[in-house]
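Data first, discussion second: the structure below is written as structure tokens.
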Amino acid sequence: MLIDTHAHLDFPQFDADRQEVITRAQEAGVEIIVNAGAGLEASQAGVALAETYPQVYAAVGVHPHEAKTLNEGVLEKLRALAQHQKVVAIGEIGLDYYRDQSPRPVQRRAFQQQLALARKLGKPIIVHDREAHDDVMNMLRQWVGEGYQPSATSHRPVGVMHCFSGDLAMAREVIEMGFYISIPGPVTFTNARRLPELVRALPLERLLIETDCPYLTPHPHRGKRNEPAYVRLVAEAIARIRGIPLEQVARITTTNARALFGLESPGAT
Ligand code: NI
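Mapped onto the working numbering, the consecutive letters of the sequence shown carry residue numbers -6 to 262.
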């Protein structure tokens, strides 16, 4: 059994065949899909999907691209939406200095406001960081230092670095802070170097797997739309890189995702 910890099933790329996509995921052994919120409307759509499909859970948040849309009214709506029983995280939130679709100070303010929201609600966060490592790390250090008690006194997980793009030193620091590192489809690319290095060096107990579909399609489907069923290819790549059985990767990354998002184990009611 596998968990896709980051999907965008609400995106229009899935409008024509969403049901089939979810069925294919199930057939591939993907028992749970966490839909990440890219904005208020996307978050509302994600919650609606979680209400429709038992295996879908939702995170709610405003992506750094949409940071300029976050105002007090939107924040209040996110807060209300986050009370839903299938909302398991605040995200995706963070900073994106690659595309710069919202001004950087606006991105930092939106990130800060949503970090505070997560703190208030006691929810884990899904972090998007693209070419903004220094500012993301400074804000996370402050956030973790303000209240959470990471590994020293408790092992309560605080969030996940989605589609992680930092180096090994940064990975080790965020793990120490209580974060998981999520491995996306590019780990399967034949020319991948950085992600396999991380997969080899980091404890499996701190890794999650994701698709970020419809983007980041793994080999051999590269160039086509991504979908949650393909998270299996990510798990297979990790098994190959570490020289361990797929079953072990599936079991441990699924346990990790359940711990982070507070998901019950199968059989529990
Ligand atoms: Ni995403």
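Note that CB positions come from ideal geometry on N, CA and C, so glycine has one too.
Closer than 7 Å: residue i CB and nearest the ligand NI heavy atom
i	result
A38	no
D205	yes
H214	no
L29	Residue identity check: residue 29 is Ala in the sequence provided, not Leu. Answer for A29: yes, Cβ within range of the ligand NI.
E85	yes
H77	no
H126	no
H58	no
Run of the alpha helix (DSSP H) containing residue i, from where it starts to where it stops
i	result
R123	R123 -> not in any alpha helix (DSSP H); beta strand (DSSP E) instead, spanning 118 to 123.
L201	No alpha helix (DSSP H) holds L201; the beta strand (DSSP E) holding it covers 200 to 202.
E20	11 to 20
D3	Premise fails: D3 is in no alpha helix (DSSP H) and is neither H nor E.
N249	239 to 254
E44	33 to 45
L74	65 to 74
Burial state of residue i (16 or more Cβ within 10 Å)
i	result
I237	exposed
Y223	buried
R193	exposed
Y50	buried
R186	exposed
E85	buried
E220	buried
E59	buried
K217	exposed
G255	exposed
L253	buried
A73	exposed
M170	buried
D89	buried
G30	buried
V23	buried
Y91	exposed
P179	buried
D10	exposed
6 Å CB neighbourhood of residue i in its chain, flanking five on each side removed
i	result
L114	A75
L161	A194
D205	H(-1), C156, P177
F7	V14
L197	I245
P5	none
E264	Limits of the chain in this structure are -6 at one end and 262 at the other, which puts residue 264 out of reach.
H77	V40
Start and end residues, beta strand (DSSP E) containing residue i
i	result
T(-2)	-5 to 0
A131	At residue 131 the sequence reads Asn, which differs from the Ala that was named. Counting along the chain, N131 falls outside any beta strand (DSSP E), though it belongs to the alpha helix (DSSP H) covering 126 to 139.
L108	Unbroken run through L108 is the alpha helix (DSSP H), 97 to 114; no beta strand (DSSP E).
A52	49 to 53
8 Å Cβ shell around residue i - same chain, five flanking residues per side excluded
i	result
A38	D3
I67	Here residue 67 turns out to be Val, not Ile, going by the sequence shown. The residues are L33, V55.
V120	G84, E85, I86, G87, V129, L133, G152, V153, M154, H155, F172
Q12	none
Own chain partners of residue i with C-beta closer than 7 Å, once the 5 adjacent residues on each side are dropped
i	result
T(-2)	V27, V153, S175, L201, I202, E203, A250
Q106	L63, L68
Interface flag, residue i vs chain C, CB-CB below 8 Å
i	result
D122	Absence of chain C from the displayed structure is noted, only one protein chain being present.
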